[in-house]
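Peer 1: Attaching a single structure in structure tokens format; questions to follow.
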Amino acid sequence: DVKVTQSSRYLVKRTGEKVFLECVQDMDHENMFWYRQDPGLGLRLIYFSYDVKMKEKGDIPEGYSVSREKKERFSLILESASTNQTSMYLCASSGEGGGSNYNEQFFGPGTRLTVL
Amino acid sequence: KNEVEQSPQNLTAQEGEFITINCSYSVGISALHWLQQHPGGGIVSLFMLSSGKKKHGRLIATINIQEKHSSLHITASHPRDSAVYICAVRSWRTSGSRLTFGEGTQLTVNP
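Structure below.
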């Protein structure tokens, strides 16, 4: 089974702190994604990466950066956390090529971040 | 207007009822996904389809490419089906395996 893990389930930070959210997948997937999920807005893509050291902005990249130094790990960084970044953050990964799971995204359990 | 619209936003049913959740999209797609999210839990993929119909247990997903519409049906609903159901599409114009999501349908099945 594909496993996507996230470093924390719950996180509380203060305004202005630098926050790191880590995501690790064990299926050698090329693609990795960071989303945030807010009531009434659904899932919104922050950044994604289709290869090591490659990244593309999603729909709401402002205030965030990402790092992908190894294929299995994709980090989301909040350079200076703000209260409007309080949200549920979900990581996902997907593979390329053929097979029945082609293009299916596998999600981590989520990190609920509260910024005070 | 969102590229992916789901209806209804909220749905309450009695155990045993037949449930339908609808998804309409406005872009050309290569695949449509139905996802399930339980309270406090992660998201799991239920179906990925590009044509026709798929069935898994009590769940059935259909898609009509010409009408840009998909439905998720749950037969003999049960309280454990209570969750948020999310429709997502992979459009031809986006890069990689990026998905565009609907806002989700909150389903509550009462015993």
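These protein sequences, in sequence, are chains V and A.
With our numbering, letter number 33 in the first sequence gets 713, and the count goes up by one each step, no holes.
With our numbering, letter number 12 in the second sequence gets -2, and the count goes up by one each step, no holes.
In this text, a Cβ means the ideal position worked out from N, Cα and C, and glycines have one as well.
Could you please give me the residues that DSSP links to residue 17 of chain A through a beta bridge?
Peer 2: Position 31 of the second sequence, counted from the first residue, corresponds to residue 17 of chain A. Paired residues: A:76.
Peer 1: In chain A, which residues lie less than 7 Å from residue 702 of chain V when you measure between Cβ atoms?
Peer 2: For this step, residue 702 of chain V is matched to residue 22 along the first sequence. Chain A residues near residue 702 of chain V: none, gap ~16 Å exceeds 7 Å.
Peer 1: Using the three-state DSSP reduction, which class does residue 647 of chain V fall into: helix, strand or coil?
Peer 2: Nothing in the structure corresponds to residue 647 of chain V, since chain V is present only between 681 and 796.
Peer 1: Return the chain-ordered list of same chain residues with a C-beta closer than 6 Å to the C-beta of residue 46 of chain A, the five sequence neighbours on each side being excluded.
Peer 2: Numbered from 1 along the second sequence, position 60 holds the residue referred to as residue 46 of chain A. Cβ neighbours of residue 46 of chain A beyond the five flanking positions: 59.
Peer 1: Under 8 Å, do residue 28 of chain A and residue 789 of chain V count as touching if we go by C-beta distance?
Peer 2: Position 42 of the second sequence, counting from 1, holds the residue named residue 28 of chain A. Position 109 of the first sequence, counting from 1, holds the residue named residue 789 of chain V. Contact: yes.
Peer 1: Mapping the DSSP letters down to three states, classify residue 632 of chain V as helix, strand or coil.
Peer 2: What the structure shows of chain V is the stretch from 681 to 796, and residue 632 of chain V is not part of that stretch, so it cannot be assessed.
Peer 1: For residue 34 of chain A, count the other beta carbons within 10 Å of its own beta carbon; 16 or more makes it buried, fewer makes it exposed. Which is it?
Peer 2: Taking the first residue of the second sequence as position 1, residue 34 of chain A is located at position 48. Buried is the call here.
Peer 1: Give the interface partners of residue 89 of chain A over in chain V, defined as CB-CB distance under 8 Å, in chain order.
Peer 2: Here the question's residue 89 of chain A lines up with position 103 in the second sequence. For a Cβ distance threshold of 8 Å, residue set 720, 721, 722 of chain V lies close to residue 89 of chain A, ordered along the chain.
Peer 1: Identify, in the order they occur along the chain, each residue of the same chain with its Cβ nearer than 7 Å to the Cβ of residue 23 of chain A, setting aside the five sequence neighbours on each side.
Peer 2: By one-based count along the second sequence, residue 23 of chain A stands at place 37. Cβ neighbours of residue 23 of chain A beyond the five flanking positions: 29, 69, 70, 72.
Peer 1: Kindly identify the DSSP beta-bridge partner or partners of residue 50 of chain A.
Peer 2: One-based indexing of the second sequence puts residue 50 of chain A at position 64. Residue 50 of chain A is bridged to A:55.
Peer 1: Between residue 785 of chain V and chain A, is there a C-beta pair that is closer than 8 Å?
Peer 2: As a working mapping, residue 785 of chain V is identified with position 105 in the first sequence. With respect to chain A, the C-beta atom of residue 785 of chain V has a partner C-beta closer than 8 Å.
Peer 1: Whose CA, out of A:-3, A:6, A:96, lies closest to the CA of residue 66 of chain A?
Peer 2: On the second sequence, residue 66 of chain A is found 80 positions in, with the first residue counted as 1. The shortest C-alpha separation from residue 66 of chain A is found at A:96.
Peer 1: Throw me the rounded Cβ distance for the residue 13 of chain A and residue -11 of chain A pair, which I believe falls under 8 Å.
Peer 2: As a first step, residue 13 of chain A must be located in the second sequence, where it is residue number 27. As a first step, residue -11 of chain A must be located in the second sequence, where it is residue number 3. Yes, residue 13 of chain A and residue -11 of chain A are in contact; Cβ-Cβ is about 5 Å, under 8 Å.
Peer 1: Rounded to the nearest angstrom, how far is the Cβ of residue 77 of chain A from that of residue 15 of chain A, given a contact under 8 Å?
Peer 2: Within the second sequence, residue 77 of chain A is the residue found at index 91, counting from 1. Within the second sequence, residue 15 of chain A is the residue found at index 29, counting from 1. Indeed they touch by this definition, with Cβ atoms about 5 Å apart.
Peer 1: Here's a check: name, in chain order, each residue in its chain whose Cβ is nearer than 6 Å to the Cβ of residue 785 of chain V, leaving out the five neighbours to either side.
Peer 2: Residue numbering aside, residue 785 of chain V sits at position 105 when the first sequence is read from its first letter. Cβ neighbours of residue 785 of chain V beyond the five flanking positions: 772, 774.
Peer 1: Give the interface partners of residue 18 of chain A over in chain V, defined as CB-CB distance under 7 Å, in chain order.
Peer 2: Position 32 of the second sequence, counting from 1, holds the residue named residue 18 of chain A. Correct list: empty, because the minimum Cβ distance to chain V is about 11 Å.
Peer 1: Provide the residue(s) that pair with residue -2 of chain A in DSSP beta bridges, ordered along the chain.
Peer 2: For the purposes of this step, residue -2 of chain A is taken as the residue at position 12 of the second sequence. Beta-bridge pairing links residue -2 of chain A to A:94.
Peer 1: Quick one: list the residues of chain V neighbouring residue 84 of chain A, beta-carbon separation under 7 Å, in chain order.
Peer 2: Here the question's residue 84 of chain A lines up with position 98 in the second sequence. Per Cβ cutoff of 7 Å: 725, 728.
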